[in-house]
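Working notes for the structure below.
Protein chains: 2
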Amino acid sequence: MGVDPGLTRCGLGAVEGRPGAPLSLVSVGVVRTPADDDIGARLVVIEAEIERWLDELKPDAVAVERVFAQHNVRTVMGTAQASAVAIVCAARRGLPVALHTPSEVKAAITGHGNADKKQVGTMVTRLLRLDAMPKPADAADALALAICHVWRGGVQHRLADALARARSAPRPAPARREDA
Amino acid sequence: MGVDPGLTRCGLGAVEGRPGAPLSLVSVGVVRTPADDDIGARLVVIEAEIERWLDELKPDAVAVERVFAQHNVRTVMGTAQASAVAIVCAARRGLPVALHTPSEVKAAITGHGNADKKQVGTMVTRLLRLDAMPKPADAADALALAICHVWRGGVQHRLADALARARSAPRPAPARREDA
Chain G
1 MGVDPGLTRC GLGAVEGRPG APLSLVSVGV VRTPADDDIG ARLVVIEAEI ERWLDELKPD
61 AVAVERVFAQ HNVRTVMGTA QASAVAIVCA ARRGLPVALH TPSEVKAAIT GHGNADKKQV
121 GTMVTRLLRL DAMPKPADAA DALALAICHV WRGGVQHRLA DALARARSAP RPAPARREDA
Chain X
1 MGVDPGLTRC GLGAVEGRPG APLSLVSVGV VRTPADDDIG ARLVVIEAEI ERWLDELKPD
61 AVAVERVFAQ HNVRTVMGTA QASAVAIVCA ARRGLPVALH TPSEVKAAIT GHGNADKKQV
121 GTMVTRLLRL DAMPKPADAA DALALAICHV WRGGVQHRLA DALARARSAP RPAPARREDA
């Protein structure tokens with residue numbers, strides 16, 4: 001499950017699949033909260049909706065967009081706060097939480113890290129064999145995060161497998177962290 | 001109850017009192033989470049501790065420091081995320097959540113908005129008639145937030161009372177928001 005965090009629009013998307021096999025759409029949506037509600041009320045709505053998704057879909061992992069403070073400061077604070085809600089919802093259930101940067105997601109989905117929203121949406125539509133591009137862009141971005149996570153997770157699994165094999169070999173491999 | 005949000009140290013402080021009467025300390029502490037834990041684990045620890053405080057102390061309101069992106073970007077993201085956890089913990093119980101800026105807190109406690117941490121700590125110690133300054137500074141700041149909230153809340157109550165009187169008077173007062 002992917003979460004494109006935001007207060008005004010928080011994209012949610014879930015996909016099923018594994019690296020090297022076709023992916024399929026499980027669910028896609030967006031949580032909207034009114035800009036004139038107070039921050040507490042907005043975060044509670046976002047939390048309730050994420051909880052509902054986690055209850056119903058029981059995802060294996062949650063991928064959340066990593067937030068940077070490079071954009072509009074006011075927006076970024078809200079984005080960081082919405083991301084915290086998504087992260088804590090997943091983590092308190094013991095679900096693995098992965099943070100992917102926007103350029104990691106774009107690179108995974110389109111092949112280049114500076115792709116625009118439309119290119120990401122087009123590739124998401126194609127990869128999931130959808131009839132139309134998911135709208136709004138936040139919903140497509142959440143699916144892109146989920147797809148990116150399946151694929152990167154696959155790479156990490158292969159790395160972990162390779163390391164496990166290396167460790168069981170006669171000459172010990174040097175210790176390293178697998179989740180770098 | 002006041003929360004000075006942070007991932008490495010999250011200050012918590014609760015006071016009892018009302019404007020114009022002496023304040024007393026209810027509880028003070030700090031939640032620490034290891035910098036090398038992942039963000040999910042850290043936020044879950046902060047959430048659990050804030051929940052424990054809310055369960056035990058049943059505060060009337062929660063005051064959280066308003067986060068700005070003017071400082072170190074990396075720290076600010078963590079601060080925004082910890083603040084989101086505090087806000088959502090309070091809001092989902094229906095508790096009022098107030099956000100006060102650092103300068104509002106400093107002005108309320110010391111009389112000037114650019115006071116340093118030591119001046120704030122000294123005034124908190126004096127106002128609560130403590131034997132020693134609460135340590136670390138995050139704990140003292142959380143108490144300062146709680147005190148600021150009691151006092152500003154008092155101002156807001158008086159404003160609301162005045163407005164209610166004005167509304168019940170023959171000439172209607174213009175509509176306005178009380179929580180500006």
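In order, the protein sequences belong to chains G and X. Per full-length UniProt numbering, the first sequence runs over residues 1 to 180. Per full-length UniProt numbering, the second sequence runs over residues 1 to 180. Idealized CB from N, CA, C, for every residue including glycine. Because the structure is a prediction, the values reported are computed rather than measured.
#1: Do G/Gly121 and G/Ala140 have their CB atoms nearer than 8 angstroms?
#2: Are there three or more Cβ pairs, one per stretch, closer than 8 angstroms when the stretch 2–17 of chain G is compared with the stretch 27–38 of chain G?
#3: Could you spell out where the beta strand (DSSP E) holding X/Gly13 opens and where it closes?
#4: Which residues in chain C have a C-beta closer than 7 angstroms to the C-beta of X/Met1? List them in chain order.
#5: Would a C-beta distance cut-off of 8 angstroms place X/Leu145 and X/His100 closer than the cut-off?
#6: X/Glu49: buried (16+ other C-beta within 10 angstroms of its C-beta) or exposed?
#7: Name the two residues that bound the continuous beta strand (DSSP E) containing G/Arg32.
#8: Determine the DSSP secondary structure at residue 256 of chain G, reduced to helix, strand or coil.
#9: G/Pro22 to G/Val15, Cα distance in whole Å?
#10: With a cut-off of 8 angstroms on the beta carbons, I'd call X/Pro19 and X/Val150 a contact; round off their distance for me.
#11: Considering G/Gly121, what are the terminal residues of the beta strand (DSSP E) in which it resides?
#12: Who are the neighbours of G/Val85 on chain X, taking C-beta pairs under 7 angstroms?
#13: Any idea if X/Gly13 is buried or exposed, counting beta-carbon neighbours within 10 angstroms, 16 or more meaning buried?
#14: Count the other CB atoms, across all protein chains shown, that sit within 10 Å of the CB of X/Pro172; report buried if there are 16 or more and exposed otherwise.
#15: Alpha carbon to alpha carbon, how far is X/Leu130 from G/Pro136? Give it in angstroms, no decimals.
#16: Ordered along the chain, which non-local residues of its own chain (more than five positions away) have a Cβ less than 7 angstroms from that of G/Val26?
The short version:
#1: A Cβ-Cβ contact shorter than 8 angstroms links G/Gly121 with G/Ala140.
#2: By the Cβ rule, the stretch 2–17 of chain G counts as touching the stretch 27–38 of chain G, because three or more pairs are nearer than 8 angstroms.
#3: 9–16 is the extent of the beta strand (DSSP E) around X/Gly13.
#4: Although the question refers to chain C, the structure presented lacks it and instead comprises the protein chains G and X.
#5: Contact annotation: X/Leu145 and X/His100 have beta-carbon atoms nearer than 8 angstroms.
#6: Around the beta-carbon of X/Glu49, 16 or more other beta-carbon atoms lie within 10 Å, marking it buried.
#7: From DSSP, the beta strand (DSSP E) with G/Arg32 extends over 24–32.
#8: It is not possible to answer for residue 256 of chain G, since the shown part of chain G is limited to 1 through 180.
#9: Between the C-alpha atoms of G/Pro22 and G/Val15 there is a straight-line separation of about 10 angstroms.
#10: X/Pro19 to X/Val150, Cβ: 6 angstroms. Contact.
#11: No beta strand (DSSP E) contains G/Gly121, which is instead part of the alpha helix (DSSP H) from 117–127.
#12: Chain X residues near G/Val85: Ala84, Val88.
#13: Classification for X/Gly13: buried.
#14: Legend: pLDDT at X/Pro172 = 46, less than 50; position of this residue unreliable, no value from coordinates given.
#15: Here the alpha carbons of X/Leu130 and G/Pro136 stand approximately 55 angstroms from one another.
#16: Listed in chain order, the non-local C-beta contacts of G/Val26 below 7 angstroms within the same chain comprise Ala14, Val15, Glu16, Leu57, local neighbours out to five positions each way being set aside.
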